[in-house]
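Q: This is the structure I want to talk about, given as structure tokens.
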Amino acid sequence: MKNFSYIQPTTLDDALRATDTSEQFDILAGGTTMVDLLKLDAIAPERIIDISRIASLEGYTFDDENLRFGALARMSDVGDDKTLAQICPALTESLWKAASSQLRHAARLGGNILQRTRCPYFRETHYACNKRNPGSGCAALDGGDTGLHAILGGSEQCVAMYPGDWAQALIAFDAVVTVVSSKGTRLIEFADLHVPPGDTPDIETTLKEGEIVTQISVPVSAAMKGSHYLKARERESYAFASASAAVGVLEDGGVITEARIALGGVASIPWRAREAEEYLEGVRLDEASAFETGRIAFSEANPLEGSAYKIKLGASVVAGALLTAQKRARQEG
Amino acid sequence: MAATLDTRVTRYEAPSKVTGGTRYAADYMPSGMLHGALATSSIAVGEVVSIDTSTAESEPGVIAVFTHENIADYKQPKGFYQGGPGTASFWPMTSTSIRYAGQPVAYVVAENAAAARRGAALVSVKYETGDASIHMDPESSFLLESEGMNVTKGDVAAGIAQATAVVDETWTTPFQHHNPMEMFAATAEWNGERLTVWTPSQSVRTARGGVAMAYDIAETAVEIISPFVGGAFGSKAGLPPYTMLTIAVAKSLGAPVRLIVTRPQMFTVASFRPESVQKIRLAATADGQFTAFEHIEIGQTSQFDPVVNPGTHMTRAMYASPNIYTEQRLARSDTNTPGFMRAPNEMQSFFALESAVDELAWKLDMDPVELRRKNDTQRHPVADVPFSSRSLMECYDAAAASFGWSERESKVGSMVDGDWLVGYGCATATYPTAVAPSEARVRVQSSGHALVELAAHDVGTGAYTIMGQIAAQRLGLPVGAVDVAMGNSNLPVAPLAGGSVTSASSGSAVHLACMNAGADIARTLTQMDGNPLSGLDHSTVTLVDGVLQGPGNESISLLEALKLTPRGEVTAEGRYAHPDLSSQALRATYKGGYGVAGPVTDKHAMFAFGAEFAEVHIHRWTKEIRVPRLHGAFAAGNILNRKTAHSQLMGGMVWGIGSALHEHTLVDTERARFLNSNIAEYLIPVNADIRDIKVEMLDEHDDYVNPLGVKGIGELGIVGTAAAIANGIYHATGQRLRSLPFTIADMV
Ligand SMILES: Cc1cc2nc3c(=O)[nH]c(=O)nc-3n(C[C@H](O)[C@H](O)[C@H](O)COP(=O)(O)OP(=O)(O)OC[C@H]3O[C@@H](n4cnc5c(N)ncnc54)[C@H](O)[C@@H]3O)c2cc1C
Ligand code: SF4
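Each protein sequence line maps, in turn, to chains U and B.
Numbered per the numbering used here, the first sequence spans residues 921 to 1253.
Numbered per the numbering used here, the second sequence spans residues 4 to 751.
Below, the structure is given as structure tokens:
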């Protein structure tokens, strides 16, 4: 770990002032992604602005129109929230099925959505990696192991996978992110926050220098009740998704009138499967159509050695998630 | 006669361990201590052309940077397979040669650990890179030849010709790493020609011998201290390069130096479980009688050492068959020398054998338990000597009853629980009972306090407590009145903690030391007047549970007897060696090596046995594989402490689940490197994966194995688990998985 200067502001204003520097800086929240990367020398900022003591960014509130989450709310608090589990099960399930309870206590929602890829080559400085060191090449694509990589949204420069779970529920339900900088406040559609690697894998989001995420809000929608997050993982806890799906459905007269489908563990960024949603709308949801929806969700997948199995797995997970969501949508109350 | 102990004693150090009070080797910090860090190679094979250490040297806090060019010379110890103490025969930083990725290339010393690590990251190396292959190539394997290595009995081809059903398949197992919680570490302090090293070790005497030889100093000038070991599983046996480098650096600097190896470096600077290929042919008549068994095992080794983990020596002991052929082969790879990891011979080979038996049972349409019963034997099938005791089928019967095996539907895919497909599978576990020579010293005081001393190791198993229990029982003292000192090379000779030998071997020495203490006191008292033993022939007096008893009911407690002696205390030594131990094996142990009697001697075969039953679930949508139930019954001679034994067996079974479903060191074949060298991505089971685990220990009496009647249990529990799970997956889905680990990808 390289030496860095360390600032721990207690107000947002102080934090924004700390961003006014010539030092190359990083924001630190719970640190569960950042500290690993610092120790591995995969990142080496000159300054760390630790925002975890800014009380105004904690907490979360719900009203009839919006679910609002402070950027410093803890994964564990929100994941365990009973009210939220009633309103939108996919939003809590995708949190408590992530990481381990220790990590969820430490990690914050702002940090969660901005967690970095687990591509092993990104994390170890011995390897070439266009994301860590632009222009150096991609060890994964250069004869490496691609078992942990994205089959959707990758490029010839980078096929790193976005590993997070909660983001899938957020993108499925049209979340919006509030960001603040010394220049003011702006809103970003969650679907526009992350950018696929393309030719610039080092650019991962549309956040501008000095912008801090302060809030994530999700508009309440009718399909939330019939929602589900299904995650396939190699062990019962503390494992990233091999494939996952955040889904929501609304049924009327036996056909699906609204479908929301997002895919985790398979894509370079949080991934909304729009084509699959379109297919399902107006269709009767049963096992056959559930599988067909899953198949369509992966119709553009680019199989890599070691992760090609995710095409079939992902389709099966989408199907399973939809059928559970349908049961929930049909429940009274 | 093996004595009965109070067998549910809690480990005495447990409270201190769980509250953080226990001091491990790296917690000892001599004054003036400096901090070391390793820089390791980014290539797997090649030469160091040059190393630029200038940036590292100018990093604040850095004191010195050592490379092959300036590190002090020492005489390189031989590797384990040349009969020496080294974990490998190749010593990094003694030349420009790079033989595996992650090999130490520089050693940075600084005022604090952070500066040392920063310095290590700044060492810049120019290499000439050669071609490397991290996987072994089974096609280029070679035969291992030594007496007894490979066997031919009868004619396998003829046996197959007579058979109704034949299984002829290949199984493979991956790289695995031990990943003990406690990191590898070494602290070296020189005082003139005397050296003290604090390091977590499974073999303090091996390390002592090797270091003494390397520096040409007396063994007694070297003290290796390893008070507690936070898990080892084979990874802390022998004398590793990181210890030798630390000693060399401390000598050059004239100051104590401590190195704590980082987690990723732990994957490359020590050993690992090698890859293996297992080819088995197993044939039987229609009624299930085996007619032929052939097992060819190809194990992985480094370019510079021939690692032998002879799995076929265990599988050929298992079932009766008139025709048997086994062969051990090795194939090289560009890795560090692999080594021993919990059940190093048995885990891989029994995954194969016990899967093969199950496959044969399905072909014959027989219950797999009954197929094993049909071929069970009380004589070693190759050596043709009796087992000293073998309760395999008793284990099957007990575990089958507890598990509810009779409720199994005998059709593939016939059991379902909601979204889960359900399967039942079972498999045999075995572990050889080998016993090493050992010494122990005991001092008993009339105040009622005793001290037991020996250079054995508690690698987290409870050995301190067990040694104390044995002495307490013999001496008639409460367990709390006996102190046990171990983990120091100055103490009486004891074997390395490997092969599950400690309780049997060192326990027997403690037993003998106590009996000798009794005999000493008996000798004194019989020659004194005015006590119950006066005038008796001392050789007729025996020590029974702390009481000295004469031939005609004369008796006096050991403590009362001690009070009558002038010194009020007695010190005695016990020297244990199994009668079948060869003189070479005896010499090996006294030289710090590994010498044992068994498991097969010319009189007996000594093995512990068990049976494991697994319920396996496969999720319909997510294809996840889970093991909600795992029941095992084991017969392993006399159980000295039912609590610690239970933990060992259960821990083995948990690890077995990990071996089956999780553990796998991923590799980058292009650059011949390990990829998931951290414990976030190197998966092992978490609590949520472990649900109903049941361990039963059957009574088994065996006077032959050693005076305590003890068989090793530390490694028994893991053997067979993977096969039981594979067999359960087949029952649930009809899919035969022959390659570890079984993952979601296999089920899609
Ligand atoms: C072993 C392990 C297993 C895991 N398993 C899972 C899993 O199964 N599923 C899953 O979803 N996640 C998993 N995680 C990831 C974990 O959820 C994230 O590390 C965590 O959510 C990050 O939150 P944090 O507060 O610790 O972020 P930090 O580490 O502090 O920061 C993460 C990133 O976000 C940036 N950042 C943080 N807050 C802000 C803000 N307010 N504004 C702007 N930038 C900000 C930081 O600069 C940094 O780049 C796992 C992590 C580990 C270590
Ligand atoms: S996939 Fe992306 S993150 Fe991984 S090595 Fe290639 S460029 Fe780096």
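Note that CB positions come from ideal geometry on N, CA and C, so glycine has one too.
On a predicted model such as this, the values are computed, not experimentally measured, just so you know.
Is the shortest distance between the beta-carbon of B/Leu740 and the beta-carbons of chain U less than 8 Å?
A: With 8 Å as the cut-off, B/Leu740 does not count as an interface residue toward chain U.
Q: So, is the C-beta of U/Ala1027 closer than 8 Å to a C-beta in chain B?
A: Chain B contact via Cβ: absent.
Q: Can you round the beta-carbon distance between B/Ile721 and U/Glu1154 to whole angstroms, since I take them to be within the 8 Å contact cut?
A: Wrong, their Cβ atoms sit about 19 Å apart, outside the cutoff.
Q: At which residue ranges does the stretch 622 to 665 of chain B contain complete beta strand (DSSP E) runs of 3 or more residues, listed in the order of the chain?
A: Runs found: 628 to 638.
Q: In chain order, what residues of the same chain lie with their CB nearer than 8 Å to the CB of B/Thr132, ignoring the 5 residues before and after it?
A: Excluding residues within five positions, the ones whose Cβ falls inside 8 Å are Ile46, Val48, Gly49.
Q: Considering only residues of the same chain and omitting the five flanking positions on each side of B/Val169, which have a CB-CB separation below 6 Å?
A: The answer, listed in chain order, is Ile163, Ala286.
Q: For B/Met369, count neighbouring C-beta atoms within 10 Å of its own C-beta (all shown protein chains included) and say buried if the count is 16 or more, exposed if not.
A: The residue in question, B/Met369, is buried, as its Cβ has 16 or more Cβ neighbours within 10 Å.
Q: List the residues of chain U that B/Ser45 touches, going by C-beta distances under 8 Å, in chain order.
A: Under the 8 Å cutoff, chain U gives His1046.
Q: Between U/Ala935 and U/Ile1132, which are expected to be in contact by the criterion C-beta below 8 Å, what is the C-beta distance as a whole number of angstroms?
A: Confirmed, Cβ separation roughly 6 Å.
Q: Helix, strand or coil for B/Met4 per DSSP?
A: Reliability fails at B/Met4, whose pLDDT of 35 lies under 50, so the model's placement of it is uncertain and no value is given.
Q: Between the alpha carbons of B/Ser450 and B/Leu562, how many angstroms are there, rounded?
A: If I take the Cα positions, the gap works out to 7 Å.
Q: Report back the beta-carbon spacing between B/Val603 and B/Val438 to the nearest angstrom; my notes put them in contact at under 8 Å.
A: With 8 Å as the limit, B/Val603 and B/Val438 do not qualify as a contact, their Cβ atoms being about 13 Å apart.
Q: Under 8 Å Cβ-Cβ, which residues of chain U neighbour B/Arg121?
A: Correct list: Met921, Lys922, Asn923.
Q: Can you pull the chain U neighbours of B/Arg629, defined as C-beta to C-beta under 8 Å?
A: By Cβ distance, chain U contributes Glu1156.
Q: Assign U/Leu1107 to one of two classes, buried (16 or more other C-beta atoms within 10 Å of its C-beta) or exposed (fewer than that).
A: Burial call: exposed.
Q: My output table needs one value for B/Pro107: the three-state DSSP class, helix, strand or coil.
A: Three-state DSSP puts B/Pro107 in a strand.
Q: I need the straight-line Cα distance from U/Cys1058 to B/Gln79, nearest angstrom please.
A: Using only the alpha carbons, I get a separation of about 40 Å.
Q: Can you list, in chain order, the stretches of the alpha helix (DSSP H) that have 4 or more residues and sit fully within the stretch 554 to 622 of chain B?
A: Here the runs fully enclosed are 561 to 567, 586 to 593.
Q: DSSP three-state call for B/His298: helix, strand or coil?
A: DSSP places B/His298 in strand when its eight states are reduced to three.
Q: Whose Cβ in chain U lies nearer than 8 Å to the Cβ of B/Asn679?
A: Correct list: Pro1040.
Q: Since B/Asp335 and B/Thr304 are thought to touch, with beta carbons under 8 Å apart, how far apart are those beta carbons, to the nearest angstrom?
A: Residue 335 of chain B is actually Arg in this sequence, not Asp. So it is a contact: roughly 6 Å between Cβ atoms.
Q: So that I know if they touch, is there some Cβ in chain U lying closer than 8 Å to that of B/Lys129?
A: By this cut-off, B/Lys129 is not an interface position.
Q: With C-beta atoms as the reference, is B/Arg26 less than 8 Å away from B/Pro230?
A: Cβ atoms of B/Arg26 and B/Pro230: closer than 8 Å.
Q: Using beta-carbon positions only, say whether B/Glu703 and B/Gly655 come within less than 8 Å of one another.
A: Cβ atoms of B/Glu703 and B/Gly655: not closer than 8 Å.
Q: Going along chain C in order, which residues have a C-beta closer than 9 Å to the C-beta of U/Gly1240?
A: In the displayed structure, chain C is absent; the protein chains listed are U and B.
Q: Taking CB distances under 8 Å as the criterion, tell me whether B/Gly731 reaches chain U.
A: Not an interface residue.
Q: Would you say B/Ala116 and B/Ala40 are within 8 Å of each other, going by their C-beta atoms?
A: Cβ distance < 8 Å, so B/Ala116 and B/Ala40 count as in contact.
Q: Find the nearest neighbour of B/Arg382 within the set B/Ala608, B/Gly640, B/Val630, B/Ala28, judged by alpha-carbon distance.
A: Closest option to B/Arg382, Cα to Cα, is B/Ala608.
Q: Answer yes or no: the CB of U/Tyr1082 versus the heavy atoms of ligand 2, is any distance below 7 Å?
A: No, since every heavy atom of ligand 2 falls outside the 7 Å radius drawn around the Cβ of U/Tyr1082.
Q: Which two residues bound the contiguous alpha helix (DSSP H) that contains B/Tyr130?
A: That residue, B/Tyr130, is in no alpha helix (DSSP H); its beta strand (DSSP E) goes 127 to 132.
Q: What residues in the stretch 710 to 724 of chain B bring their beta carbon closer than 7 Å to a beta carbon of chain U?
A: Residues passing the 7 Å Cβ filter: none.
Q: What residues of chain U sit near B/Pro95, judged by a beta carbon separation below 8 Å?
A: The premise fails here: B/Pro95 is roughly 17 Å from chain U at the closest Cβ pair, so nothing lies under 8 Å.
Q: What does the alpha-carbon distance come out to for the pair B/Phe236 and U/Ala1241?
A: Cα to Cα, the separation comes out at about 41 Å.
Q: Between which two residues does the beta strand (DSSP E) harbouring B/Gln552 extend?
A: From DSSP, the beta strand (DSSP E) with B/Gln552 extends over 550 to 552.
Q: If U/Glu1201 and U/Glu1178 are in contact, beta carbons under 8 Å, what's the gap, nearest whole angstrom?
A: Right, their Cβ atoms sit about 7 Å apart.
Q: So B/Pro710 and B/Ser511 are in contact, right, with Cβ under 8 Å, and what is the actual spacing, rounded?
A: The pair is a contact, with the Cβ atoms about 5 Å apart (cut-off 8 Å).
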